[in-house]
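Chemist:
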Amino acid sequence: MLAGLAGCASIEPYGNFLDANAPATLNERLAADTVKQLTVLYPPASTRFDLGQPTPDAYGSALVESLRIKGYAILEFEPDEAAPADSAEAAGPGLNLRYVLDAPASTNLYRVTVMVGSQSLSRAYVAQNDSVAPAGAWVRKE
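Taking the numbering used here, the leading residue of the sequence shown gets 2, the next gets one more, and so forth.
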């Protein structure tokens with residue numbers, strides 16, 4: 002069932018691909034859970050993330066705000082100065098950070114994938130009654 006989450010047709014490779022029918026608090030809850038996992042792997046106050054994409058969506062905004070509150074330094078995305086999106090190397094001394102938030106059509110499943118440098122973290126979630134819960138553990142690809 003989770004294999005269907007892998008296929009998301011879009012021109013842009015990164016971002017929030019949820020439709021307008023997603024629960025209102027979904028983005029904040031997923032961002033909070035993402036930051037919780039990032040703090041386990043990348044210590045706050047000594048890690049800088051260089052955003053590899055714009056963050057105009059609700060998940061991206063919540064993610065950036067939560068990371069700053071936890072003590073991370075964030076270099077905002079600048080399209081003119083950014084490295085190519087498929088580059089694993091960051092433009093500066095920080096770790097390149099990108100994300101994808103998506104869901105297969107007509108299901109109550111969501112997936113968060115966060116790329117940090119050349120590594121990725123993914124987790125599936127199930128939504129019921131305007132709430133979201135993890136459908137499994139975080140998966141880390143090195």
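Idealized CB from N, CA, C, for every residue including glycine.
With distance defined between alpha-carbon atoms, name the residue in 109, 114 and 100 nearest to residue 132.
Modeler: As a first step, residue 132 is located in the sequence shown; it is residue number 131 there, counting from the start. For the residues 109, 114 and 100, the minimum Cα distance to residue 132 belongs to 109.
Chemist: CA-CA distance, residue 68 and residue 107?
Modeler: The count along the sequence shown starts at 1 and reaches residue 68 at position 67. The count along the sequence shown starts at 1 and reaches residue 107 at position 106. If you take the alpha carbons of residue 68 and residue 107, they lie about 31 Å apart.
Chemist: Could you name the residues of the same chain whose beta carbon sits closer than 8 Å to that of residue 72, not counting the 5 residues immediately before and after it, in chain order?
Modeler: For the purposes of this step, residue 72 is identified with residue 71 of the sequence shown, where counting begins at 1. Excluding sequence positions up to five before and after residue 72, its CB lies within less than 8 Å of the CB of 45 and 46, all in the same chain and listed in chain order.
Chemist: At what residues does the beta strand (DSSP E) containing residue 129 begin and finish?
Modeler: Your numbering for residue 129 matches position 128 in the sequence shown. That run of the beta strand (DSSP E) goes 120-129.
Chemist: Taking residue 15 as the reference, give the member of 61, 52, 99 and 66 with the closest Cα.
Modeler: Within the sequence shown, the letter at position 14 stands for residue 15. Residue 15 has its Cα closest to that of 99, out of 61, 52, 99 and 66.
Chemist: Enumerate in chain order the residues of its own chain whose CB-to-CB distance from residue 38 is below 7 Å, with the five nearest sequence positions on each side excluded.
Modeler: Here the question's residue 38 lines up with position 37 in the sequence shown. Only 122 and 139 meet the Cβ criterion.
Chemist: DSSP three-state call for residue 100: helix, strand or coil?
Modeler: Residue mapping note: residue 100 aligns to position 99 of the sequence shown, counting from 1. Three-state result, residue 100: strand.
Chemist: Would residue 112 be called buried (16 or more neighbouring beta carbons within 10 Å of its own) or exposed?
Modeler: Along the sequence shown, read from residue 1 onward, the residue named residue 112 stands at position 111. Buried: at least 16 other Cβ atoms inside 10 Å.
Chemist: On the DSSP letters alone, give me the boundaries of the alpha helix (DSSP H) that residue 73 sits inside.
Modeler: Taking the sequence shown and counting its residues from 1, the one referred to as residue 73 is at position 72. Taken as a continuous stretch (DSSP letters only), residue 73 belongs to no alpha helix (DSSP H), as it is neither H nor E.
Chemist: Got a sec? Which residues, its chain only, sit under 6 Å from residue 29 by beta carbon, not counting five neighbours each side?
Modeler: Translated into positions along the sequence shown, residue 29 becomes position 28. Cβ within range, chain order: 63.
Chemist: In angstroms, rounded to a whole number, what distance separates the CA positions of residue 58 and residue 65?
Modeler: The residue you call residue 58 lines up with position 57 of the sequence shown. The residue you call residue 65 lines up with position 64 of the sequence shown. Those two C-alpha atoms are separated by around 11 Å.
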